[in-house]
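Novice:
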Amino acid sequence: MVEPLLRVTGLEVHFPIRSALLRRRTGTVRAVDGVTLEVARGETLAIVGESGCGKTTTGKSILRLIEPTGGSIRFDGEEITHHSARQLSPFRRRMQIVFQDPYASLNPRMSVGGILAAPFEIHRIGDAKDRADRVAELLRTVGLPPEAARRYPHEFSGGQRQRIGIARALALRPELVIGDEPVSALDVSIQAQIINLMKRLQAELGLAYIMISHNLAVVSHVADRVAVMYLGRVVETAPREALFFEARHPYTQALLSAVPEPVPGRRRARHVPQGDVPSPSRPPSGCHFHPRCPHAMPRCAEEAPASRIIAPGHAVACHLVTP
Amino acid sequence: MSAAAAPPQSQSGRIWSRFRRHRLALAGGFVVALLLASALFAPLLAPQDPTLLDTALRFRPPFADWHFPLGTDELGRDTLSRLLWGGRVSLTVGLVAMITTVMTGALIGITAGFIGGFVDTLLMRFVDTMLCFPQVFLLLVVAAFVPPTLLSISLIIGLTSWMEVSRIVRAEILNLKEQDFVAAARALGASRTRIMFRELLPNAAAPILVAATLKVASAVLMESYISYLGYGVQPPLASWGNMLTNAQGYFDTVPWLAILPGVAITLTVMGFNFLGDGLRDALDPRLRMDP
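Keeping their order, the protein sequence lines are chains V and Z. So in UniProt numbering, the last spot in the first sequence is 323, and the numbers never skip. So in UniProt numbering, the last spot in the second sequence is 291, and the numbers never skip.
(1) With distances taken Cα to Cα, identify the nearest neighbour of residue 72 (chain V) among V:12, V:100, V:301.
(2) For chain V, find out if any of its Cβ atoms is closer than 7 Å to the Cβ of residue 181 (chain Z); answer yes or no.
(3) Provide the residue span of the beta strand (DSSP E) that contains residue 96 (chain V), from first to last.
(4) Can you tell me the Cα-Cα spacing of residue 214 (chain V) and residue 27 (chain V), whole angstroms?
(5) Excluding sequence positions up to five away, which residues of its chain have a Cβ less than 6 Å from the Cβ of residue 69 (chain Z)?
(6) Residue 189 (chain Z) versus chain V: which residues are under 8 Å apart at the beta carbon?
(7) Enumerated in chain order, which unbroken segments of the alpha helix (DSSP H) with a length of 4 residues or greater are wholly contained in the region 63-143 of chain V?
(8) Beta-carbon within less than 6 Å of residue 245 (chain Z)'s beta-carbon, same chain only, minus the 5 sequence neighbours each way: which residues are those?
(9) For residue 209 (chain V), write down the residues that DSSP places opposite it in a beta bridge.
(10) Could you check the C-alpha separation between residue 4 (chain V) and residue 35 (chain V) for me, to the nearest Å?
(11) When you compare only the Cα positions, how much space is there between residue 202 (chain V) and residue 209 (chain V)?
(12) According to the neighbour-count rule (16 or more other Cβ atoms, all chains shown, within 10 Å of its Cβ), is residue 143 (chain V) buried or exposed?
(13) How about residue 125 (chain Z): is its C-beta nearer than 7 Å to some C-beta of chain V?
(14) Assuming residue 37 (chain V) and residue 8 (chain V) make a contact with CB atoms under 8 Å, what is their CB distance in whole Å?
(15) I need the boundaries of the alpha helix (DSSP H) containing residue 225 (chain Z), first residue and last residue.
(16) Around the C-beta of residue 118 (chain Z), are 16 or more other C-beta atoms found within 10 angstroms, so that it is buried, or is it exposed?
(17) Under the assumption that residue 123 (chain Z) contacts residue 112 (chain Z) (Cβ atoms under 8 Å), give the Cβ distance between them as a whole number of angstroms.
(18) Considering only the beta carbon of each residue, do residue 50 (chain Z) and residue 82 (chain Z) sit closer than 7 Å?
(19) Are any of the Cβ atoms in chain V nearer than 7 Å to that of residue 199 (chain Z)?
(20) Compile a chain-ordered list of the residues in the region 243-260 of chain Z whose CB is closer than 8 Å to at least one CB of chain V.
(21) What span of residues does the alpha helix (DSSP H) with residue 308 (chain V) cover, start to end?
(22) Could you pull out every residue in the same chain whose Cβ sits closer than 8 Å to the Cβ of residue 194 (chain V), ignoring the five residues on either side in sequence?
(23) Taking Cβ-Cβ distances shorter than 7 Å, what residues in chain Z pair up with residue 65 (chain V)?
(24) Tell me the DSSP secondary structure of residue 186 (chain V) in three-state form.
(25) I'd like to know whether the C-beta atoms of residue 281 (chain V) and residue 29 (chain V) end up nearer to each other than 7 Å.
(26) Can you list, in chain order, the residues of its chain with a C-beta nearer than 6 Å to that of residue 226 (chain Z)? Leave out the 5 residues immediately preceding and following it.
(27) Suppose only complete runs of 3+ residues qualify. What are the beta strand (DSSP E) ranges in the region 210-243 of chain V, listed by chain order?
(28) Can you list the residues of chain V that residue 203 (chain Z) reaches, using a CB-CB cut of under 9 Å?
(29) With a Cβ-Cβ cutoff of 7 Å, do residue 199 (chain Z) and residue 185 (chain Z) count as a contact?
(30) How about residue 97 (chain V): is its C-beta nearer than 7 Å to some C-beta of chain Z?
(31) Would you check if the distance between the CB atom of residue 127 (chain Z) and the CB atom of residue 152 (chain Z) is smaller than 7 Å?
(32) In the DSSP assignment, what residue or residues form a beta bridge with residue 315 (chain V)?
(33) If you reduce the DSSP assignment to three classes, tell me which class residue 93 (chain Z) lands in.
(34) If you measure from the beta carbon of residue 104 (chain V) to each beta carbon in chain Z, is any gap under 7 Å?
(35) So, under 8 Å CB-CB, residue 310 (chain V) and residue 248 (chain V) are touching, yes? Tell me the CB distance rounded to an integer number of Å.
(36) Tell me which same chain residues have a C-beta within less than 6 Å of the C-beta of residue 241 (chain Z), skipping the five on either side of it?
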């Protein structure tokens, strides 16, 4: 079997809740609670779910921007979960991230040239002259004029800023780019441009993407495979077509039925889950989804369902589903 | 900060236009510029040698004689010349103390804010401890043991007044370090030092600049205190503080000897304070301007 580019096994990120006065641990937020994922070279895995389901935390902890409290992250066969900053350095060149908010992700006091030269400075690549050439090249790659290097982030629109963010992520020629809702802060008219830019760059540079999103329209456009998360766990993983047409987990079905139909009058039967998403500091017992699930059985409250493979590349964690 | 809507003009242009509307700040800036120029060119502007004694010409009143435009003191020295040279001393102490304050405060604030945890607790409790003592008391205790030179006085003042700056910088850093551009730098593998000084510190420049301006004013005042109490700038070198000391014996008979350095100190302190307030309003768009 070919080793995937990234293999995440049983990833956990638990944040302690501490009391105000004595800083005693009074509880735990299980933001990510046993996530298992794989990403092959050149493919796009989408992670979808409601806000607060832990998808962003998953992305950031894969890059060790948030320290995982359990599980394992293997990049290109090497276990990096416990690597020190120094050991991590070569992997920093191979894995990058594009952030959601193009306003907060660029340093307002640094020129665009400074922002894009930073990756080369940090990894001591080239000299000043060489770096300026590389910055111009990066700007051209993402469709911005080379003069942009002398300007500051506030002089650009949201879409242009996101192009700068993408250019920064690509500076070190990574193999994996994590897009943390890279288009959800942008105008709808700009979203397609950025998506198309990212797809073009993927084709040209052979990138693998993890696209974190709550927008199923975006996901259907970019993903090869989709992982659906609910309260810190992956409930279903499937190739794109299988997910959109043969979803098996009740939560995935509910998510899909909530997508607006572009054609009026052609409404699908909607089964929207009842109630709110429970707090990840006190998740329900057994299957996290059981209090909102239309098909819940007594067993669902007692036992967390294991993930079962029901078709090639299609895994579901639900007691209803038998292979 | 500068987020949202596309700005119609450059950032510095907007800051300047906000600053210009602040009349007191403009006046403060003008006074400060004037004081700095007069201190810089004191050797050219002073009509006399500030240490030249002439006991035959003691206590000349101001505006009586164009050789001594502001009169003479108890030893017959020219008051205007002493004010100009004393301003040089007082402003030097003010600026050096401010630089010391800002560097110490910024370093401690950024370390506490960025590293956090135990280091933060330790540094901030140290700040609390320092703040427990009145600054004059700290100054006098240290000044009693250290021989007073311009540099030592400046350092003593600087090292007893950095606490506020460190709190301001820490608060700013706590806010900034959660932003995505810091996460981006970490994802690129940037070192802590790089993140602290290249990414974070420039973003805290505005409050630091404001604090720096206000600190010059308080350092000038502190220098006057300790010189007045005799621990500061030593005669015959003139400073506004020790001119006050010399004047106190004659306050009932020749009050202008005390009034003139007093006015100089007041002008300096008010000038820097108004300038600082104006900068704060101009640099922080969240604050609304008074009409």
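Note that the Cβ used here is the ideal one computed from N, Cα and C, for glycine as well. For clarity, every value in this text was computed on a predicted model and none was experimentally measured.
Specialist: Quick look at the numbers:
(1) As a working mapping, residue 72 (chain V) is identified with position 72 in the first sequence. Residue 72 (chain V) has its Cα closest to that of V:12, out of V:12, V:100, V:301.
(2) On the second sequence, position 181 is the one that residue 181 (chain Z) refers to. When Cβ-Cβ separations below 7 Å define contact, residue 181 (chain Z) makes contact with chain V.
(3) For the purposes of this step, residue 96 (chain V) is taken as residue 96 along the first sequence, with counting starting at 1. Here the beta strand (DSSP E) through residue 96 (chain V) covers 95-98.
(4) Numbered from its first residue, the first sequence carries residue 214 (chain V) at position 214. Numbered from its first residue, the first sequence carries residue 27 (chain V) at position 27. Each residue's CA atom was taken as its position, placing residue 214 (chain V) and residue 27 (chain V) some 28 Å apart.
(5) The residue given as residue 69 (chain Z) occupies position 69 in the second sequence. The answer, listed in chain order, is 80.
(6) Taking the first residue of the second sequence as 1, we reach residue 189 (chain Z) at position 189. Below the 8 Å Cβ cutoff, chain V contributes 85, 88, 89, 92, 93, 122, 123 as neighbours of residue 189 (chain Z), in chain order.
(7) Correct list: 85-94, 112-122, 128-141.
(8) Walking along the second sequence from the start, residue 245 (chain Z) turns up at place 245. These residues qualify, in order along the chain: 228.
(9) Taking the first residue of the first sequence as position 1, residue 209 (chain V) is located at position 209. V:44, V:177.
(10) Residue numbering aside, residue 4 (chain V) sits at position 4 when the first sequence is read from its first letter. Residue numbering aside, residue 35 (chain V) sits at position 35 when the first sequence is read from its first letter. Cα-Cα distance, rounded: 16 Å.
(11) Translated into positions along the first sequence, residue 202 (chain V) becomes position 202. Translated into positions along the first sequence, residue 209 (chain V) becomes position 209. Each residue's Cα considered, the two are about 8 Å apart.
(12) As a working note, residue 143 (chain V) is residue 143 in the first sequence. Around the beta carbon of residue 143 (chain V), a 10 Å sphere encloses fewer than 16 other beta carbons of the protein chains shown; the residue is thus reported as exposed.
(13) The residue given as residue 125 (chain Z) occupies position 125 in the second sequence. By this cut-off, residue 125 (chain Z) is not an interface position.
(14) By 1-based counting over the first sequence, the position of residue 37 (chain V) is 37. By 1-based counting over the first sequence, the position of residue 8 (chain V) is 8. Confirmed, about 4 Å.
(15) By one-based count along the second sequence, residue 225 (chain Z) stands at place 225. Residue 225 (chain Z) -> alpha helix (DSSP H) spans 205-228.
(16) Within the second sequence, residue 118 (chain Z) is the residue found at index 118, counting from 1. Its Cβ having fewer than 16 others within 10 Å, residue 118 (chain Z) is exposed.
(17) Along the second sequence, one-based indexing puts residue 123 (chain Z) at 123. Along the second sequence, one-based indexing puts residue 112 (chain Z) at 112. In this structure, residue 123 (chain Z) and residue 112 (chain Z) form a Cβ contact; the two beta carbons are roughly 4 Å apart against a cut-off of 8 Å.
(18) Within the second sequence, residue 50 (chain Z) is the residue found at index 50, counting from 1. Within the second sequence, residue 82 (chain Z) is the residue found at index 82, counting from 1. In this structure, residue 50 (chain Z) sits near residue 82 (chain Z), with a CB-CB distance shorter than 7 Å.
(19) Here residue 199 (chain Z) corresponds to residue number 199 of the second sequence, with the count starting at 1. At least one CB of chain V lies nearer than 7 Å to the CB of residue 199 (chain Z).
(20) So the list is empty, because no residue satisfies the distance condition.
(21) Indexing the first sequence from 1 puts residue 308 (chain V) at position 308. Per DSSP, residue 308 (chain V) belongs to no alpha helix (DSSP H); it is in the beta strand (DSSP E), 308-311.
(22) The residue given as residue 194 (chain V) occupies position 194 in the first sequence. Counting only Cβ-Cβ distances below 8 Å, and skipping sequence neighbours, we find 159, 162, 163, 166, 182, 183, 186.
(23) Here residue 65 (chain V) refers to the residue found at position 65 when the first sequence is read from its first residue. For residue 65 (chain V), the chain Z residues whose Cβ falls inside 7 Å of its Cβ are 183, 186, 187, in order along the chain.
(24) Your numbering for residue 186 (chain V) matches position 186 in the first sequence. Per DSSP, reduced to three states, the secondary structure at residue 186 (chain V) is coil, with no helix or strand assignment.
(25) The count along the first sequence starts at 1 and reaches residue 281 (chain V) at position 281. The count along the first sequence starts at 1 and reaches residue 29 (chain V) at position 29. Closer than 7 Å, so yes.
(26) Stepping through the second sequence from its first residue, residue 226 (chain Z) is reached at position 226. Answer for residue 226 (chain Z): 139, 143, 232, listed in chain order.
(27) Within the region 210-243 of chain V, the complete beta strand (DSSP E) segments of 3 residues or longer fall at 225-230, 233-239, listed in chain order.
(28) For the purposes of this step, residue 203 (chain Z) is taken as the residue at position 203 of the second sequence. Neighbourhood of residue 203 (chain Z) in chain V, by CB distance below 9 Å: 107, 108, 109, in chain order.
(29) As a first step, residue 199 (chain Z) must be located in the second sequence, where it is residue number 199. As a first step, residue 185 (chain Z) must be located in the second sequence, where it is residue number 185. When the beta-carbon positions are compared, residue 199 (chain Z) and residue 185 (chain Z) come within less than 7 Å of each other.
(30) Numbered from its first residue, the first sequence carries residue 97 (chain V) at position 97. It does: the Cβ of residue 97 (chain V) has a partner Cβ on chain Z nearer than 7 Å.
(31) In the second sequence, the residue the question calls residue 127 (chain Z) occupies position 127. In the second sequence, the residue the question calls residue 152 (chain Z) occupies position 152. With contacts defined as CB atoms closer than 7 Å, residue 127 (chain Z) and residue 152 (chain Z) fail to qualify as a contacting pair.
(32) The sequence position of residue 315 (chain V) within the first sequence is 315, counting from 1. In the DSSP output, where bridge partners are listed per residue, residue 315 (chain V) has V:237, V:309.
(33) As a working note, residue 93 (chain Z) is residue 93 in the second sequence. Residue 93 (chain Z): helix per DSSP, three-state reduction.
(34) In the first sequence, counting from the first residue as 1, residue 104 (chain V) sits at position 104. Yes, residue 104 (chain V) lies at the interface with chain Z (some Cβ there is under 7 Å from its Cβ).
(35) Taking the first sequence and counting its residues from 1, one reaches residue 310 (chain V) at position 310. Taking the first sequence and counting its residues from 1, one reaches residue 248 (chain V) at position 248. The Cβ separation is near 7 Å, so the contact holds.
(36) Locating residue 241 (chain Z) in the second sequence gives position 241, counting from the first residue. Excluding sequence neighbours, residue 241 (chain Z) sits near 223, 224, 227, 228, 232.
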